[in-house]
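Residue numbers (the UniProt record's numbering): 1 to 330.
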Ligand SMILES: Nc1nc2c(c(=O)[nH]1)N[C@H]1C(S)=C(S)[C@@H](COP(=O)(O)O)O[C@H]1N2
Ligand SMILES: [Mo]
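What follows is the structure in structure tokens.
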């Protein structure tokens, strides 16, 4: 199914960041200078604008380059047939084979917790309230393979502003739909849910970001890729995309978003805290206990390439982790 954009068919690789963000920031800045003393300094606002301008002005060619390196899009065929989605099975080919059981429409998302405007909202209604953008991002799985994907989605911070977090909100947790009729593995093997003892994941799958990570303009809720709606195997109808983190953070088929005061324990962290942490930041210098993370296999290509700190997005996001121990950010 072709994606219907608000801007009809006009979306192309140039529309990396919507104009309104830039204008909105500029208005905010004027107010600040005009005498309203905000929490943020003018300097930090200016730095934000500079960062946003960079995204805004990227042309198609620039967008496919990261730190001077040209990114080659992974073929749509590979990105939609080599997947991790344990609700459908543990093999890379299961999600595509078994994905038909997922009913993606209608799809209601519950947004709750430490916010002023809790809501249950139908996905199409939510999409009509946000600005869809296309972003080409590197994608790095903790298993040391990677790809490059053109996502369609909206900045998570648009949704965050809509629901108005309270002062208590420090984390934002996402939950995948729980329905064993649609996700066969949620019922366990042969309908026998023997839980974590048999090294099942403890479904429903949950993931979490710190609120400032969630507010970063690179963080998306994706509803499409390759200019089409997401297919079940890629996390239809809506999934998280955080390009500087390992793939396991990018939770699929989300139907609950909760704002929390305390840091919760996510699914993989609960499954094996020695191997998966809360942050899941890509770091070539911090090894997985069972393998090195210093290089990666680009799916569809031969050989390996070096892995980059924060997956190549360090300039944009390393300020979020100033003063924190890198070995604890795995
Ligand atoms: N609900 C859910 N989300 C999930 C997973 C999963 O098993 N269940 N796997 C994660 C992992 S480990 C990866 S690498 C990516 C894979 O995304 P892709 O299949 O679109 O490449 O999804 C992530 N999101
Ligand atoms: Mo992964």
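In this text, a Cβ means the ideal position worked out from N, Cα and C, and glycines have one as well.
All values derive from a computational prediction rather than experimental measurement.
Residue i beta carbon near ligand 1 (any heavy atom closer than 7 Å)
{"i": "residue 141", "result": "yes"}
{"i": "residue 96", "result": "no"}
{"i": "residue 87", "result": "yes"}
{"i": "residue 234", "result": "yes"}
{"i": "residue 160", "result": "no"}
{"i": "residue 167", "result": "no"}
Residue i to residue j span [Cα, whole Å]
{"i": "residue 141", "j": "residue 115", "result": "32 Å"}
{"i": "residue 331", "j": "residue 286", "result": "Since the displayed the chain opens at 1 and closes at 330, residue 331 lies outside it and no answer follows."}
{"i": "residue 296", "j": "residue 117", "result": "42 Å"}
{"i": "residue 317", "j": "residue 207", "result": "19 Å"}
{"i": "residue 218", "j": "residue 188", "result": "35 Å"}
{"i": "residue 91", "j": "residue 307", "result": "24 Å"}
{"i": "residue 368", "j": "residue 220", "result": "Here the chain has residues from 1 to 330 only, and residue 368 is not among them."}
{"i": "residue 273", "j": "residue 164", "result": "32 Å"}
{"i": "residue 313", "j": "residue 328", "result": "19 Å"}
{"i": "residue 322", "j": "residue 223", "result": "31 Å"}
Residue i Cβ short of 7 Å to ligand 2 heavy atom set
{"i": "residue 247", "result": "yes"}
{"i": "residue 272", "result": "no"}
{"i": "residue 331", "result": "The displayed coordinates of the chain run from 1 to 330. Any statement about residue 331 would go beyond what the structure contains."}
Cβ-Cβ separation, residue j to residue i (assumed contact under 8 Å), whole Å
{"i": "residue 268", "j": "residue 144", "result": "The pair is not a contact, with the Cβ atoms about 16 Å apart (cut-off 8 Å)."}
{"i": "residue 172", "j": "residue 278", "result": "Actually they are not in contact, since the Cβ atoms of residue 172 and residue 278 sit about 13 Å apart, beyond 8 Å."}
{"i": "residue 215", "j": "residue 160", "result": "6 Å"}
{"i": "residue 88", "j": "residue 237", "result": "Going by Cβ atoms, the distance from residue 88 to residue 237 rounds to 15 Å, so no, they are not a contact pair."}
{"i": "residue 276", "j": "residue 248", "result": "7 Å"}
Minimum Cβ-Cβ distance from residue i to chain B less than 8 Å
{"i": "residue 145", "result": "Of the chains in the structure shown, none is chain B; there is only one protein chain."}
heavy atom of ligand 4 below 7 Å from residue i C-beta
{"i": "residue 328", "result": "The model depicted lacks ligand 4 and carries ligand 1 and ligand 2 instead."}
Which whole runs of the beta strand (DSSP E) in the segment 62-129 are 3 residues long or more, in chain order? Correct list: 108-113, 119-122.
Do the segment 166-180 and the segment 105-114 meet, that is, are 3 or more Cβ pairs less than 8 Å apart? Cβ pair count under 8 Å is three or more, so yes.
Report yes or no: do three or more beta-carbon pairs, one from the segment 123-135 and one from the segment 72-87, lie closer than 8 Å? The segment 123-135 and the segment 72-87 do not touch, with fewer than 3 CB-CB distances between them shorter than 8 Å.
Mind listing, in chain order, the continuous alpha helix (DSSP H) runs of no fewer than 4 residues lying wholly within the segment 138-199? For the segment 138-199, whole alpha helix (DSSP H) runs of length 4 or above, ordered along the chain, are 156-163.
Any contact between the segment 211-231 and the segment 175-187? By contact I mean 3 or more CB pairs, one from each, below 8 Å. Cβ pair count under 8 Å is below three, so no.
Scan the segment 273-299 and note each continuous beta strand (DSSP E) run of 3 residues or more that stays entirely inside, going in chain order. Runs found: 295-298.
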